[in-house]
Amino acid sequence: MSLRPFTAFVGWRYVRDRRGGRFVSFIALASMLGIALGVWVLVTVLSVMNGYQRDVQSRILGMVAHAVVDGAGDGMPEWRQVLEAARADPRVAGAAPYLQGQGMISHRRESMGVVVRGIVPEEEKQVTSVSRHMEEGGLEELLAGERSVILGRELARRLQVERGDRVTLVVPRSGSDLEGPPRMRVFRVAGIYSMGLYEFDSRIVFTHMQTLQELFGAPGWVTGIRLRLHDPFQAPTVARNLVYSLGGLYLVSDWTRQYSNLFRAIAMQKQMLFLLLLLIISVAAFNIVATLVMVVTEKQADIAILRTLGASSGEVMAIFIVQGALIGAAGIVLGAVMGVLTAWNVEEIVATLEGWFHVRFLPPDVYNIMRLSAELQGADLAWITGMAVFLTLIATLYPAWRAARVQPAAALRYE
Numbered sequence: 004m005s006l007r008p009f010t011a012f013v014g015w016r017y018v019r020d021r022r023g024g025r026f027v028s029f030i031a032l033a034s035m036l037g038i039a040l041g042v043w044v045l046v047t048v049l050s051v052m053n054g055y056q057r058d059v060q061s062r063i064l065g066m067v068a069h070a071v072v073d074g075a076g077d078g079m080p081e082w083r084q085v086l087e088a089a090r091a092d093p094r095v096a097g098a099a100p101y102l103q104g105q106g107m108i109s110h111r112r113e114s115m116g117v118v119v120r121g122i123v124p125e126e127e128k129q130v131t132s133v134s135r136h137m138e139e140g141g142l143e144e145l146l147a148g149e150r151s152v153i154l155g156r157e158l159a160r161r162l163q164v165e166r167g168d169r170v171t172l173v174v175p176r177s178g179s180d181l182e183g184p185p186r187m188r189v190f191r192v193a194g195i196y197s198m199g200l201y202e203f204d205s206r207i208v209f210t211h212m213q214t215l216q217e218l219f220g221a222p223g224w225v226t227g228i229r230l231r232l233h234d235p236f237q238a239p240t241v242a243r244n245l246v247y248s249l250g251g252l253y254l255v256s257d258w259t260r261q262y263s264n265l266f267r268a269i270a271m272q273k274q275m276l277f278l279l280l281l282l283i284i285s286v287a288a289f290n291i292v293a294t295l296v297m298v299v300t301e302k303q304a305d306i307a308i309l310r311t312l313g314a315s316s317g318e319v320m321a322i323f324i325v326q327g328a329l330i331g332a333a334g335i336v337l338g339a340v341m342g343v344l345t346a347w348n349v350e351e352i353v354a355t356l357e358g359w360f361h362v363r364f365l366p367p368d369v370y371n372i373m374r375l376s377a378e379l380q381g382a383d384l385a386w387i388t389g390m391a392v393f394l395t396l397i398a399t400l401y402p403a404w405r406a407a408r409v410q411p412a413a414a415l416r417y418e
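Okay, so the sequence shown: first residue is 4 according to our numbering, each after it adds one.
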């Protein structure tokens, strides 16, 4: 089989409809649009999955520490020693102590269960990016001994509070008096942050570590040390090495273990979506089989004339492969262009559709993100177009083979 200029020319002429001069026949047009739709949807969906994974990972790494070293018992009495050892490690970009517990926050008739985290504001900036996501106020407004809190935007919305309002915080009594009644104090809302992840924006409340120690009735008590690394993927190794060097009994966790199931699930969903949506392209590609078989049946006399003029069976095959490839290529290019444009503008498109239909396509309490974005990756685009080209070429082989088997004498007998 050889691709000579005349085979390409004849293949191109066969793509055109003889009667109306249109670019493609109805069936060929349906095949082309089917391939375009499959490529379009696949590029868009994979780009959205990439954007979702990127946003979740960046927001998680901005809110949680890369690694956490906690005391094995009640608190960590020697936390200053652990903090100094962590800061001495060149792989550690920042370290900060923290105190954390469960609580309930209320305002008027609204109440929510929350995680209360006591921090040292100037040190917290070394381990998280919360300070860069403040919508109102700032971490520096959390002063030692002063009853002030910083809430997430979603929590503030549900409690119907703004900066400067008063909220009631209830926490269990800690320290030596575990059997006592819970402690209740009124706090001022000093600021509001928005990380863009529902899990954080609706649950985590910040206050100064010393203030929370006083509220718990446990002066000097610290839950553990939170670490931020130059390379987040070294978190398991760095945390283990730190604990081994200290020689004490500590609990170690890191973001790769804490959120491993989430990222594995995202990767699995992306793979499954790729395979399922590839079926759309497969169905459309094999519609080309029906198109070309009909063309071969219709043009048997033309094929016979070509054979009598000296065209080889390989050249006849090439003609119909060119025809199918042109139909597929048109669909692939159209679908890829539409997919790229959709991926670049998906946030505006989704916002517009949500405004029209008054519905949230991705509820934040289910999908854990406040907005939808996309990230177009060249590797995905190459895989999608490559698979579409492969399926298209496979679909052309059988009709081209049938065309090559046409016997000139039999085809011209009744002409």
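Ideal Cβ positions, reconstructed from N, Cα and C, are used throughout, including at glycine.
Note down, in chain order, each residue of its chain lying with its Cβ closer than 8 angstroms to the Cβ of residue i, except the 5 sequence neighbours on either side.
{"i": "residue 335", "result": "38, 39, 42, 388, 391, 392 and 395"}
{"i": "residue 357", "result": "363 and 364"}
{"i": "residue 164", "result": "110, 154, 170 and 192"}
What's the C-alpha gap between residue i and residue j?
{"i": "residue 359", "j": "residue 66", "result": "33 angstroms"}
{"i": "residue 239", "j": "residue 68", "result": "12 angstroms"}
{"i": "residue 197", "j": "residue 287", "result": "44 angstroms"}
{"i": "residue 55", "j": "residue 339", "result": "20 angstroms"}
{"i": "residue 92", "j": "residue 85", "result": "11 angstroms"}
{"i": "residue 231", "j": "residue 89", "result": "10 angstroms"}
{"i": "residue 245", "j": "residue 223", "result": "22 angstroms"}
{"i": "residue 170", "j": "residue 191", "result": "6 angstroms"}
{"i": "residue 158", "j": "residue 327", "result": "57 angstroms"}
{"i": "residue 51", "j": "residue 382", "result": "14 angstroms"}
{"i": "residue 410", "j": "residue 15", "result": "23 angstroms"}
{"i": "residue 120", "j": "residue 160", "result": "20 angstroms"}
{"i": "residue 145", "j": "residue 276", "result": "46 angstroms"}
{"i": "residue 250", "j": "residue 257", "result": "19 angstroms"}
{"i": "residue 203", "j": "residue 115", "result": "13 angstroms"}
{"i": "residue 272", "j": "residue 142", "result": "37 angstroms"}
{"i": "residue 87", "j": "residue 125", "result": "16 angstroms"}
{"i": "residue 26", "j": "residue 57", "result": "In this prediction, residue 26 has a pLDDT of 45, which is less than 50 and means its spatial position is unreliable; what the coordinates show is noted afterwards. About 42 angstroms."}
{"i": "residue 380", "j": "residue 265", "result": "21 angstroms"}
{"i": "residue 49", "j": "residue 200", "result": "21 angstroms"}
Once you ignore the five residues that flank residue i on each side, which residues in its own chain have a CB closer than 6 angstroms to its CB?
{"i": "residue 139", "result": "166, 194 and 195"}
{"i": "residue 30", "result": "294"}
{"i": "residue 322", "result": "10, 13 and 14"}
{"i": "residue 229", "result": "68, 71, 99, 101 and 130"}
{"i": "residue 44", "result": "280"}
{"i": "residue 345", "result": "47"}
What is the C-beta distance between residue i and residue j, in whole angstroms, given that I count them as a contact (C-beta under 8 angstroms)?
{"i": "residue 53", "j": "residue 403", "result": "At roughly 37 angstroms, the Cβ-Cβ gap does not stay under 8 angstroms, so residue 53 and residue 403 are not in contact."}
{"i": "residue 406", "j": "residue 306", "result": "6 angstroms"}
{"i": "residue 149", "j": "residue 214", "result": "6 angstroms"}
{"i": "residue 397", "j": "residue 35", "result": "That pair is no contact at about 17 angstroms."}
{"i": "residue 227", "j": "residue 137", "result": "Residue 227 to residue 137, Cβ: 24 angstroms. No contact."}
{"i": "residue 73", "j": "residue 254", "result": "4 angstroms"}
Excluding five sequence neighbours on each side, which residues of the same chain lie with their C-beta closer than 7 angstroms to the C-beta of residue i?
{"i": "residue 123", "result": "99, 100 and 212"}
{"i": "residue 401", "result": "292"}
{"i": "residue 188", "result": "150, 172 and 218"}
{"i": "residue 353", "result": "364 and 375"}
{"i": "residue 237", "result": "94"}
Checking the sheet assignment: what are the DSSP bridge partners for residue i?
{"i": "residue 229", "result": "71 and 99"}
Q) Do the segment 281–292 and the segment 124–135 make contact, defined as three or more Cβ pairs closer than 8 angstroms? A) No, because fewer than three Cβ pairs between the segment 281–292 and the segment 124–135 fall closer than 8 angstroms, the two stretches do not touch.
Q.
Across the segment 148–161 and the segment 206–213, are there enough close Cβ pairs to call them in contact, namely three or more that are closer than 8 angstroms?
A. Verdict: yes, contact present.
Q: Could you tell me whether the segment 372–389 touches the segment 303–317, using the rule of 3 or more Cβ pairs below 8 angstroms?
A: No contact exists between the segment 372–389 and the segment 303–317.
(Q) Counting beta carbon pairs with one atom in the segment 213–222 and one in the segment 94–111, are three or more of them shorter than 8 angstroms? (A) Yes: the two stretches touch, three or more of their Cβ pairs being nearer than 8 angstroms.
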